[in-house]
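Asker:
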Amino acid sequence: MITLEKRPQPSRLWTAVTPLIAVALTMVMGGLLFAFLGADPFEAIRTIFWDPIFNPQFAGFTRPQLLVKAGPLILIAIGLSIGFRAGIWNIGAEGQYIMGAICGAGAGLALYPSESPLIFPMMIIAGGLGGWAWAMIPAVLKTRFGTNEILVSLMLVYVAENILASVASGLLRNPEGMGFPGSRNFKQWDAAHNAEIITGTGMHWGVVFAFIAVIAAYVLMARHIQGFNIRLTGEAPRAARFSGVNPTRIVILCLGISGALAGFAGLFEVTGPAGQISIDFNSGYGFTAIIVAFLGRLNPVGILLAGLLMALTYIGGELAQLMLGVPGASIQLFQGMLLFFLLATDVFTNYRLRFGRAEVA
Amino acid sequence: MDLTSINPVLLVASIMVSATPILLAALGEMVVEKSGVLNLGVEGMMITGAVVGFAVAINSGSPLLGFAAAALASAVLSLSFGVLTQYLLSNQVATGLGLTLVGLGLSSLIGKPYEGMKATTLPKLDIPMLSDIPVLGRMLFSHDIMVYFSLALVAGVWAFLKYTRAGLILRAVGESHDSAHALGYKVVRVRMLAIFFGGACAGLGGAYLSLVRVPQWTEGMTAGAGWIALAIVVFASWRAGRVLIGAYLFGGVTVLQLNLQAAGADVPVALLSASPYLITILVLVIISARGAHGAPASLGRAFHASH
Amino acid sequence: MADTLLSIRGLTKAYPGVVANDDVSFDIRKGEIHALLGENGAGKSTLVKMIYGLVAPDKGRMELDGAGFAPAKPSEARRSGVAMVFQHFSLFDALDVAENVALGMENPPKPRDLARQIREVSETYGLPLDPGRTVGTLSAGERQRVEIIRCLLQDPRLLIMDEPTSVLTPQEVEILFETLRKLKAEGTSILYISHKLEEIRALCDHATILRLGKKVATCTPSEVSARELAEMMVGASFATPEAREHARGETLLRVESLSLPAPGAFGTPLREIALTVHAGEVLGIGGVAGNGQDELLAALSGERISAPGTVALKGVDVSRQGPEARRDAGLLSGPEERLGHAAAPDMSLIENGILTAARREGLVKSGFINWGRSRQFAEDVIAHFDVRTPGPGTAARALSGGNLQKFVVGREILQKPDVLVLNQPTWGVDAAAAAAIRQAVLDLAADGAAIVVISQDLDELMEISDRFAALNEGRLSPSRPVAELDIEKIGLMMGGAHDMEVAHVDA
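Shown next, in the form of structure tokens:
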């Protein structure tokens, strides 16, 4: 019989190793899945994890995509991870991402066609504020009334999607767009375009923000007393209150940070890779970022790596769809499995296995 | 706006239809939470039930077989959550989210070939005598079997929790797993059974969406119904009777806003479409402002039997 | 022997790193009260869990009434006539009394019959209880009655009682003893677990003493002195704390008409609390668990703020200030619950030092943590208070109860507070660590600090306090010098057994 025995303290080795094991297990299970779907599992795995970066034929096109996809994922996941550390479950980043894009784009479009160099910074601020404000709804409801932030933040995703549909075909619709839904294209408006900073790398301002967020989050969580208070709140809420941490402030802070970062991500996406506000502008980054945050062990550096890996599965998934005819949905399942395996192997960080007789006389 | 186009008889009947999926899912989740487990994967289990039920109904031609398969598939899927949270002691919030993501991915993978197809739906069961009552008969007594099944399930769950020893043990486990363990009850086994039941209910709810309510398969068709079911459990203060009220209230809002949209009400469409979600938030606020009474004390806490 | 009920032979149970029971043998006779005596960690609970079927022994065997007895689960033990009253963890707050009783029975009768039986048994044994009450609203003594009645309804041959008096007032203890003697006269055997020597001498026919998992002796407690029992239990002598001479100084802490609503459904409201503590003085606050101890600590530490003018530190009103501001002003505190309240279980001792010492010890400068100084502070606490740990980087949960308690109390004392408030400073701590903690508290008082010790251990309070007050249902009695008190007066201050008399009238 196998029993679990609690370790006296969390194992550092396992903390680092479990994501790798989870990735390996996902590859095995994913391979089986692809085999079941009629694709060669080894080819599929190679197409997803290897070809986007190293294939001589299309790596030139797919490699920059890595940063384009990883940027928003990392940016959002960093914000989420700070809240998750405190036991505050903002799972509505998708909504905050949408509202950031709408607010930022709206603020910019109000001044169209100005070419002032201040336009883009102003849009960034508006985008961050939009995401922040959307996250403040669950934050205020939680601190005022004790409302569950998981459900509220999630409900607000659907509300945001409805607002997106409404503005795309109403308020922000391109007046020169022949009545089609969708805003003006920011790619054709230099002052508001989030262009590649270095051509051919996929590096845009959102990616820069993501890197800054990684460093800032690292400093906050490892060195600053607020980061300590956030961790303390998550580990032992009663001890945090005893220490003098104001739980209301932590809720406002954590949801505020994650909302603002998701808002930034939305703004950079709409002014860059997406190019315009459209009905189906959002692509699930807000949800995938949850996986990224966990896969990165809620650790900023881990999230950086996890974001790149997850971006790889996106690009590789598209590639596999194109080359091998693997359904696109299988990638979503693939990502979900990754989270599942990670949670499953996580047990070894805090517990060790014992084999042998247990409670049998 | 033409409000006369809204027929009150059809309105009530369609409220019952629209509430049934959420009622089933919320009832299952309530039992899970009563045992002290928070499964946030309802959405994922519902949509899996929706696609499996639809696929089986199409291939077999029997909607009832579809429902059975949906219940089984979602229950099996929920066991993955059970194994992770009960045996591997993973975080319930994270695992529930993972379950939702897996369910969404799995369902769109299975459902691809079935998009745009149409399955045979459940026949209406006219209850003899009662369905002949003018107005009321068509309103209340002329539904398909799942509507009645869901109502019977409410009564069943209520009686189970209140009157049976198994129900008492389930509540005890959710209240204090340490005490239950000290008295020799198998905490993990009780919770696994509850999770399995919750999964089956969510599957039935999902299948009702794809086989009766809509009735066809589209990707992401649950559109937050699983999350609303979770909110209804909170609204209901973990009581079966109030789950019924919550689900019908919500069904009412959904149907009313659709009717208003159809009648061309002078309200922005986005606001109407978003109204079920906004009202859910509003209800949550009202309930939590009063103080969430009745939450099982061990809800969401991992149990590890130490010596 | 014909009159032996349960015979235990060579029971051994090892957990990784520790042998909880090592070759333990003794007999419990029919119709006797048999004490199981030992310090925390001596292996009493493990032994009892084996008898009750919660844990399987590695070696050894048991015989019940001459037949082999190896219960694989508690329900088997219950069927064989073994019942147990737990110290913690066996009641369900949100369920009512009848439901709680039913959960502990193998074949509970119909609800209506059960309610009648509960009333009958409670009248027969003088344990008044309403079957319809929600357990969370009961006092600690009433909760214990639920457990006892649950056991009695099954006509047990052996009743195991785990530290039953720790939650009772002296008067309630007397009533409990009456019940137990009555049971004994009816032929029921009782295994009575305790570390309170006088109780055992007054009640028990035989005593088996465990130390570090081994049986030390079986004796007749009425024939040996308390001191001899204590020496058998502890094995080595340890220093009893000595109060130093000190003069009573100025008033450092003054609390006036402090009232707070109950924090939750099952909490206790504070009602018009008033107290003063002077420099160099220890005020002991006694009372049965659940009478407002946690709530009083929270109101003094600043976790809950109260109406203006209710809490004054050195003449300055701090009622509206939170824990950080009160610490800055010199008011420090140590809650009862070590893991999760006084310390974060998964965080290191270094981080747990920062938890309360961030500002007083200058561990944080302009928002940034100075990890070097923080480590130094944790090392200082470890060194000063003899905390046994591999190092300051160890997680708090990895420490034994006594060592963690020394760390969290030491953490406050080392910050040189003007006023220190402690709740249950030696709860669940081995005797040597408890003595060290008490000595540290007395030394701090001798250096001029004002100290409030909230405790359910009356012996402890008599040993270290200058004055004594009692909490009862959220009210604090006026304080009296310890020198004037005896156990009878203390019992009356704690509320006597008045809730029982009231219940009698109702019934």
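Protein chains in written order, with our numbering: chain Z, 1 to 361; chain D, 1 to 307; chain W, 1 to 507. Every residue gets a Cβ at the ideal spot worked out from N, C-alpha and C, and that includes glycine.
Cβ of E308 of chain D less than 7 Å from any chain W Cβ?
Answerer: Because chain D is modelled from 1 through 307, residue 308 of chain D falls outside the range shown and cannot be assessed.
Asker: Just curious, the beta strand (DSSP E) that D23 of chain W is in, first and last residue?
Answerer: 18 to 29
Asker: Am I right that A262 of chain Z and G131 of chain Z are in contact with their C-beta atoms under 8 Å? What's the rounded C-beta distance?
Answerer: 5 Å
Asker: I'd like to check one pair, A77 of chain Z with C254 of chain Z: are the Cβ atoms closer than 7 Å?
Answerer: no
Asker: Under 7 Å between beta-carbons, which chain Z residues line up against P268 of chain D? List them in chain order, please.
Answerer: Residues of chain Z with a Cβ closer than 7 Å to the Cβ of P268 of chain D are, in chain order, S166.
Asker: Using a Cβ-Cβ distance under 7 Å, would S176 of chain D count as near chain W?
Answerer: yes
Asker: Closest by CA to S153 of chain Z, which one among Z:Y97, Z:L67, Z:V219?
Answerer: For the options Z:Y97, Z:L67, Z:V219, the alpha carbon positioned closest to that of S153 of chain Z is the one of Z:Y97.
Asker: Can you confirm whether F266 of chain W, when its beta carbon is compared against all beta carbons of chain D, has any partner nearer than 7 Å?
Answerer: F266 of chain W does not count as touching chain D.
Asker: Does DSSP put K184 of chain W in a helix, a strand or coil?
Answerer: helix
Asker: Throw me the rounded Cβ distance for the E517 of chain W and A445 of chain W pair, which I believe falls under 8 Å.
Answerer: Residue 517 of chain W cannot be examined here, being either before or after the span of chain W that is shown, 1 to 507.
Asker: Within the 7 Å Cβ cut-off, does S75 of chain W reach chain D?
Answerer: yes
Asker: Anyone know if the C-beta pair for L153 of chain D and A71 of chain D falls short of 7 Å?
Answerer: Contact: no.
Asker: Which of the three DSSP states is assigned to A56 of chain W in this structure?
Answerer: coil
Asker: Please classify K215 of chain W: is it buried, with 16 or more other beta-carbons within 10 angstroms of its beta-carbon, or exposed?
Answerer: Counting Cβ neighbours within 10 Å, K215 of chain W comes out buried, since at least 16 surround it.
Asker: Identify the continuous alpha helix (DSSP H) that holds F67 of chain D and give its terminal residues.
Answerer: 63 to 82
Asker: Report the rounded CA-to-CA distance for L168 of chain W versus P131 of chain W, giving the unit in angstroms.
Answerer: Those two C-alpha atoms are separated by around 21 Å.
Asker: Which chain Z residues sit within Cβ distance under 7 Å of F385 of chain W?
Answerer: The premise fails here: F385 of chain W is roughly 19 Å from chain Z at the closest Cβ pair, so nothing lies under 7 Å.
Asker: Starting from the beta carbon of D93 of chain W, find every residue of chain D whose beta carbon is closer than 8 Å, and list them in chain order.
Answerer: Chain D residues near D93 of chain W: E175, S176, A297.
Asker: Please tell me whether G244 of chain Z has its Cβ less than 7 Å away from any Cβ of chain W.
Answerer: G244 of chain Z counts as touching chain W.
Asker: I'd like the list of long-range same chain contacts for L414 of chain W, defined as Cβ closer than 7 Å, with 5 residues on each side in sequence excluded.
Answerer: D380, V381, H384
Asker: Output, in chain order, the set of chain W residues within a Cβ distance shorter than 7 Å of S179 of chain D.
Answerer: F89, S90, L91, F92
Asker: Given a limit of 7 Å on CB to CB distance, which residues of the stretch 182 to 207 of chain D reach chain W?
Answerer: A182, L183, G184
Asker: When DSSP labels each residue in this structure, what does R9 of chain W get in the three-state scheme?
Answerer: strand
Asker: Take every Cβ of the stretch 285 to 292 of chain W, pair it with every Cβ of the stretch 314 to 333 of chain W, and state whether three or more of those distances are shorter than 8 Å.
Answerer: no
Asker: DSSP three-state call for E5 of chain Z: helix, strand or coil?
Answerer: strand
Asker: Inspect the CB distances between the stretch 113 to 125 of chain W and the stretch 198 to 208 of chain W and report whether three or more fall short of 8 Å.
Answerer: no
Asker: Please list the partners that F287 of chain Z has in chain D, where partner means a Cβ-to-Cβ separation under 7 Å.
Answerer: L101
Asker: Identify which residue in D:M192, D:Y163, D:V188 has its Cα closest to the Cα of R112 of chain W.
Answerer: D:Y163
Asker: With DSSP collapsed to three states, give me the class of L299 of chain D.
Answerer: Correct three-state label for L299 of chain D: coil.
Asker: Does the count of Cβ pairs from the stretch 253 to 261 of chain W and the stretch 296 to 308 of chain W closer than 8 Å reach three?
Answerer: yes
Asker: Below 8 Å, how does it come out for the stretch 3 to 12 of chain W and the stretch 92 to 100 of chain D: are there three or more Cβ pairs, yes or no?
Answerer: no
Asker: Report back the beta-carbon spacing between M384 of chain Z and I45 of chain Z to the nearest angstrom; my notes put them in contact at under 8 Å.
Answerer: Here chain Z has residues from 1 to 361 only, and residue 384 of chain Z is not among them.
Asker: Listed in chain order, which residues of the stretch 325 to 348 of chain W have Cβ atoms closer than 9 Å to some Cβ of chain Z?
Answerer: Of all residues in the stretch 325 to 348 of chain W, A325, R326, R327, S333, P335, E337, L339, G340, H341, A342, A343, A344, P345, D346, M347, S348 have a Cβ within less than 9 Å of some Cβ in chain Z.
Asker: Near G50 of chain Z, which residues of its chain fall below 7 Å by C-beta distance, leaving aside the five closest residues on each side in sequence?
Answerer: Looking at the sequence itself, residue 50 of chain Z is Trp, so the reference to Gly does not match. Apart from sequence neighbours up to five positions away, no residue of its chain approaches W50 of chain Z with a beta-carbon distance below 7 Å.
Asker: Under a Cβ-count criterion, where at least 16 other Cβ atoms within 10 Å of its own Cβ denotes burial, should D317 of chain W be classed as buried or exposed?
Answerer: Under a 10 Å Cβ-count criterion, D317 of chain W is classified as exposed, with fewer than 16 other Cβ atoms of the shown protein chains found around its own Cβ.
Asker: Any beta carbon of chain W sitting closer than 7 Å to that of A172 of chain D?
Answerer: yes
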